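Structure first, commentary second.
Rendered as structure tokens:
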């Protein structure tokens, strides 16, 4: 584990790079308002990586779009703020956001395979990114691109080639090169390795961390794969149903989770040390976010839920320094952790566990 | 690239060859004496005999076929029934007239159609888009000859802005060289209305196609990335979206060319424009088969060349095209 | 089942509904032409003084005026729906039958058969269609059946191409392998499994082919190559144009052309509405 993961060694100095405070986003649909995000709060520190974990539909994509100001026309921020490098992103208009996009916040998208325009040369597309934000002439820009290519491991000669001439892995590297070319403060990686096998995945992340040491940016890593997040991030946020269930330092949250959903996620991740351990998945599906919602979002799938969980939404409170949870039963976390390890807990349809 | 061109050229020649052969056999399938498609029945028997020998019509079919091919290669289409003139003499000027009307008009129609289609796709939603879609559809649904007649009715007969038809005012071109005539204001004045009608009619199809294509492209991942890169909207539309949207449309150029040629026959009739199309129609009406055949083959040549140009264009625009 | 699906898709768009209603109205007019037309379209009219009522502007007795031969334009307009629909539908359906089958066979079997058929299609696509039809008509004579056939020879090519492309993508799908494993023969796979899946595209093609056929038939009529026994809208305009009096009698020229425009627009709307259901991103209204 290197420095980016180990918070003990790193002193958290200064304000966070990005702080999201009680952000709420809703979509207007034919059937009514869909609350995609509600009261989401977390902070990304400078030089540290933050992993956002959750199932599909939990609101991760909406959150990312809100950060870069790319929400579709039928969505709106209904509350809260996003403060990035001292500026409030939610109050900026499109023109101002355009200046921040890519220069200060860039993104490695989910589908890197098709993210490049097929009719223009790869090198030219990266130069385009540079020239959109900085007054740099073509020759100087080309030089920078070639330097970056060397850093990510692409042959210089490939500058004038077209995307279809690049292999899948090379395209991924080109995308990374493009996202770092302006040396932004925050790089958002949206499921960057979903379509790749584990070995390539590992190589890519090693590459990214090497570049991080060099250029000093933070990564907001958004994925449903908790293993990737554990390996690469110092802080973690667990999302479900548009809300943060648990957030804090990686070591704290993973070793001592306080929220049943986090415990469930851990179960679904194969443990190489204990091969006898079963893979336990959480049965059920995420809730619909349409209309008024009462109670905890995780209520219907939680093996430990009680009446209060159905009626009142638990607040996000600090359980120890830099570790927050939203669960009514967090006092019984120890018991819940034990119960979560057993498969029957999740599969049983009988009355939920009662706390002794 | 070279190999690609050679391949396309060979295909062009093959296509033409097939068409020429088709013509040969089609005309010989007429009931009655097939030589009647080559030699005018109005000639006296002695002259007919003479011509029969000249065209090798007394020989067996396969030898006739070879003579036929040879003649085409030499651009010798025989003699017109009506004027007993060499067909090739009649045609040359006509071909130029057709090209001068159709080529600029098609280029203008396509270019305008594409830009308007892209612009409309950008202005997504709202009355402008719906109105344009409906108007374009309706306009291209109307028969072009009817549109031509309406245009003549309004602009020539009533408003007297343009002449009613023909290529130049009668008598104005005597004593002038062809070049001088084609560059004269009078020619342009006559060209204007058919050009405008043909252009407006033919821009509807690319407009609608381009709009569809742009809407599809907007959903592509690389457009998402362009937005995230912080590029200006105009740049995304015109540089990225348009270039990619145009590719599938470029493959429809041959289709549009077919329409253009069909349209040319009709437009020339409405405006009495002395081109290949009008000549062909007149020839068919008087059963002047050598002229019909020649016109058809020439029109086919123009169409095939147009298709070839479209293929080349596509090859240039799409870097993914592999020249095998 | 296909019909119900078709209706459901088309009616999801306002334009589609307009198109469908207009089209059905035209069908009704065609069916009831003898009842709806006030006069026999070929009847020459004479006024009280026994003079031919030629080129009379619209009046109470002749809603759209008369032609140069004293015939009632309105009646001609009503009767003109029949050839437009009959020729159009026969061409479109015949083309679909040929084009779909060729596309299915070519796409499914591949290999030399596919190559050969596609080369033939390529050559046909290079043929300028209107001159070609004219040449054929000059040799075979002018009747609605030769016109229909000539159009079909031209039109099948693009349908075949489109269907073949669709078959190529479908051929890779698991359900085809499943059918093969369960012992289905090639023909059965083609017609039982793949064919139903290409029906939507084929139907869209029917609409566009119909539009093309109506316009082309009108052009043929306008050039004077229409069936002399049949009075189609194109032929009406031809007669007006040939009389050299067309610019004095707008009532003779405007209605038939407008009728063509309305009918073809309706067909396009239907086709496009159906296509939009297959591809919702195109939806505008």
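Chains as they are written, first to last, in my numbering: chain L, 26 to 381; chain U, 61 to 384; chain B, 11 to 295. Ideal Cβ positions, reconstructed from N, Cα and C, are used throughout, including at glycine. On a predicted model such as this, the values are computed, not experimentally measured, just so you know.
Checklist entry - Going along chain U in order, which residues have a C-beta closer than 8 Å to the C-beta of residue 189 (chain L)? => result The count along the first chain starts at 1 and reaches residue 189 (chain L) at position 164. Within 8 Å Cβ-Cβ: 379 and 380.
Checklist entry - Between residue 282 (chain U) and chain L, is there a C-beta pair that is closer than 9 Å? => result In the second chain, the residue the question calls residue 282 (chain U) occupies position 222. It does; some Cβ of chain L falls within 9 Å.
Item to check | Any C-beta of chain B under 9 Å from that of residue 202 (chain U) | outcome: As a working note, residue 202 (chain U) is residue 142 in the second chain. Chain B, which has a Cβ nearer than 9 Å to the Cβ of residue 202 (chain U), makes this yes.
Next on the checklist: Assuming residue 133 (chain L) and residue 215 (chain L) are in contact, meaning their beta carbons sit under 8 Å apart, how far apart are those beta carbons, in whole angstroms?
Outcome noted: Numbered from its first residue, the first chain carries residue 133 (chain L) at position 108. Numbered from its first residue, the first chain carries residue 215 (chain L) at position 190. Indeed, because the Cβ distance is near 7 Å, the residues count as touching under 8 Å.
Next on the checklist: If the criterion is Cβ atoms closer than 9 Å, does the pair residue 193 (chain U) and residue 362 (chain U) meet it?
Outcome noted: On the second chain, residue 193 (chain U) is found 133 positions in, with the first residue counted as 1. On the second chain, residue 362 (chain U) is found 302 positions in, with the first residue counted as 1. Result no, Cβ atoms of residue 193 (chain U) and residue 362 (chain U) do not sit closer than 9 Å.
Next on the checklist: For a cutoff of 9 Å on Cβ pairs, would you count residue 364 (chain U) as touching chain B?
Outcome noted: Residue mapping note: residue 364 (chain U) aligns to position 304 of the second chain, counting from 1. Chain B, which has a Cβ nearer than 9 Å to the Cβ of residue 364 (chain U), makes this yes.
Checklist entry - How long is the line joining the alpha carbons of residue 181 (chain U) and residue 190 (chain U), rounded to whole angstroms? => result Your numbering for residue 181 (chain U) matches position 121 in the second chain. Your numbering for residue 190 (chain U) matches position 130 in the second chain. Cα to Cα, the separation comes out at about 11 Å.
Checklist entry - For the 8 Å Cβ check, are there 3 or more pairs between the stretch 73-80 of chain B and the stretch 130-140 of chain B? => result no
Checklist entry - Beta-carbon of residue 126 (chain U) versus every beta-carbon of chain B: anything under 9 Å? => result Numbered from 1 along the second chain, position 66 holds the residue referred to as residue 126 (chain U). False, the Cβ-Cβ gap to chain B never drops below 9 Å.
Item to check | CB contact check: residue 20 (chain L) to chain U, cutoff 9 Å | outcome: Any answer about residue 20 (chain L) is impossible in this case: the structure gives chain L only from 26 up to 381.
Checklist entry - Which chain C residues sit within Cβ distance under 7 Å of residue 352 (chain U)? => result Absent from the structure is chain C; the protein chains it does hold are L, U and B.
Checklist entry - Can the beta-carbon of residue 68 (chain B) be found less than 9 Å from the beta-carbon of residue 261 (chain B)? => result Counting from one through the third chain, the residue named residue 68 (chain B) turns up at place 58. Counting from one through the third chain, the residue named residue 261 (chain B) turns up at place 251. Result yes, Cβ atoms of residue 68 (chain B) and residue 261 (chain B) sit closer than 9 Å.
Next on the checklist: Less than 9 Å between CB atoms is the rule here; does residue 143 (chain L) satisfy it with respect to chain U?
Outcome noted: Indexing the first chain from 1 puts residue 143 (chain L) at position 118. Yes - at least one Cβ of chain U is within 9 Å of the one on residue 143 (chain L).
Next on the checklist: Can you check whether the C-beta of residue 287 (chain U) is within less than 9 Å of a C-beta belonging to chain L?
Outcome noted: Stepping through the second chain from its first residue, residue 287 (chain U) is reached at position 227. Yes - at least one Cβ of chain L is within 9 Å of the one on residue 287 (chain U).
Checklist entry - Relative to the alpha-carbon of residue 238 (chain U), which residue among U:364, U:157 and U:178 has its alpha-carbon at the smallest distance? => result Locating residue 238 (chain U) in the second chain gives position 178, where the first residue counts as 1. Nearest C-alpha to residue 238 (chain U): U:157.
Item to check | Extent of the continuous alpha helix (DSSP H) to which residue 88 (chain U) belongs | outcome: Within the second chain, numbered from 1, the residue matching residue 88 (chain U) stands at position 28. Looking at the DSSP string, the run of the alpha helix (DSSP H) that includes residue 88 (chain U) is 62-88.
Item to check | Helix, strand or coil at residue 273 (chain B) according to DSSP, with G and I counted as helix | outcome: Taking the third chain and counting its residues from 1, the one referred to as residue 273 (chain B) is at position 263. Three-state result, residue 273 (chain B): helix.
Item to check | Proximal chain U residues relative to residue 93 (chain L), where beta-carbon distance stays under 8 Å | outcome: On the first chain, residue 93 (chain L) is found 68 positions in, with the first residue counted as 1. Going along chain U in sequence order, the residues near residue 93 (chain L) (Cβ under 8 Å) are 288.
Item to check | Nearest neighbour of residue 121 (chain U), chosen from U:84, U:153 and U:150 [CA to CA] | outcome: Position 61 of the second chain, counted from the first residue, corresponds to residue 121 (chain U). Residue 121 (chain U) has its Cα closest to that of U:84, out of U:84, U:153 and U:150.
Checklist entry - Is residue 395 (chain L) helix, strand or coil when you go by DSSP? => result No answer is possible for residue 395 (chain L): it lies beyond the span of chain L, which begins at 26 and ends at 381.
Next on the checklist: Measuring straight from C-alpha to C-alpha, what distance separates residue 381 (chain L) and residue 363 (chain L)?
Outcome noted: On the first chain, position 356 is the one that residue 381 (chain L) refers to. On the first chain, position 338 is the one that residue 363 (chain L) refers to. Note that residue 381 (chain L) scores 46 on pLDDT, short of 50, meaning its location in the model is unreliable; the coordinates nonetheless yield the value given after this. Taking the straight line joining both Cα atoms gives about 13 Å.
Next on the checklist: For a quick check, are the C-beta atoms of residue 325 (chain U) and residue 302 (chain U) less than 9 Å apart?
Outcome noted: Mapped onto the second chain, residue 325 (chain U) falls at position 265. Mapped onto the second chain, residue 302 (chain U) falls at position 242. Going by C-beta atoms, residue 325 (chain U) is not nearer than 9 Å to residue 302 (chain U).
Next on the checklist: Taking only three categories from DSSP, how would you classify residue 265 (chain U)?
Outcome noted: The sequence position of residue 265 (chain U) within the second chain is 205, counting from 1. Note: residue 265 (chain U) maps to helix in three-state DSSP.
Next on the checklist: I'd like to know whether the C-beta of residue 61 (chain L) is nearer than 9 Å to at least one C-beta of chain U.
Outcome noted: Here residue 61 (chain L) corresponds to residue number 36 of the first chain, with the count starting at 1. Chain U contact via Cβ: absent.
Item to check | Straight-line gap, residue 257 (chain U) to residue 229 (chain U) (C-alpha atoms, nearest Å) | outcome: Taking the second chain and counting its residues from 1, the one referred to as residue 257 (chain U) is at position 197. Taking the second chain and counting its residues from 1, the one referred to as residue 229 (chain U) is at position 169. Whole-angstrom Cα-Cα distance: 20 Å.
Next on the checklist: For residue 42 (chain B), count the other beta carbons within 10 Å of its own beta carbon; 16 or more makes it buried, fewer makes it exposed. Which is it?
Outcome noted: Looking up residue 42 (chain B) in the third chain gives position 32. Exposed, since its Cβ has fewer than 16 Cβ neighbours within 10 Å.
Checklist entry - Ends of the alpha helix (DSSP H) at residue 77 (chain B)? => result Start at 1 with the first residue of the third chain, and residue 77 (chain B) comes out as number 67. From DSSP, residue 77 (chain B) is part of no alpha helix (DSSP H); its letter is neither H nor E.
Item to check | residue 288 (chain L), DSSP secondary structure in three states | outcome: In the first chain, residue 288 (chain L) corresponds to position 263, counting from 1. Helix.
Item to check | Runs of alpha helix (DSSP H) wholly within the stretch 129-162 of chain L (minimum 4 residues, chain order) | outcome: 147-156
Checklist entry - What in chain U is Cβ-close to residue 139 (chain B), meaning under 9 Å? => result Sequence index remark: in the third chain, residue 139 (chain B) carries index 129 (1-based). Near residue 139 (chain B) (Cβ distances below 9 Å), the residues of chain U are 318, 319, 321 and 322.
Next on the checklist: With a threshold of 9 Å between beta carbons, is residue 230 (chain U) in contact with chain B?
Outcome noted: As a working note, residue 230 (chain U) is residue 170 in the second chain. No - not a single Cβ of chain B is within 9 Å of the one on residue 230 (chain U).
Item to check | Assigned exposure category for residue 265 (chain L) - 16 Cβ within 10 Å defines buried | outcome: Here the question's residue 265 (chain L) lines up with position 240 in the first chain. Answer is buried; the Cβ neighbour count reaches 16.
Checklist entry - According to the neighbour-count rule (16 or more other Cβ atoms, all chains shown, within 10 Å of its Cβ), is residue 311 (chain U) buried or exposed? => result Against the second chain, residue 311 (chain U) aligns to sequence position 251. The residue is exposed, with fewer than 16 neighbouring Cβ atoms inside 10 Å.
Checklist entry - Cα separation between residue 190 (chain B) and residue 75 (chain L)? => result Here residue 190 (chain B) is taken as the residue at index 180 of the third chain, counted from 1. Here residue 75 (chain L) is taken as the residue at index 50 of the first chain, counted from 1. One C-alpha to the other measures close to 51 Å.
Checklist entry - Any Cβ of chain L within less than 9 Å of the Cβ of residue 51 (chain U)? => result Summary: the structure shown does not reach residue 51 (chain U), with chain U confined to residues 61 through 384, and so no result is reported for it.
Item to check | Bridge-paired residues (DSSP) for residue 315 (chain L) | outcome: Taking the first residue of the first chain as position 1, residue 315 (chain L) is located at position 290. BP columns for residue 315 (chain L) point to L:59.
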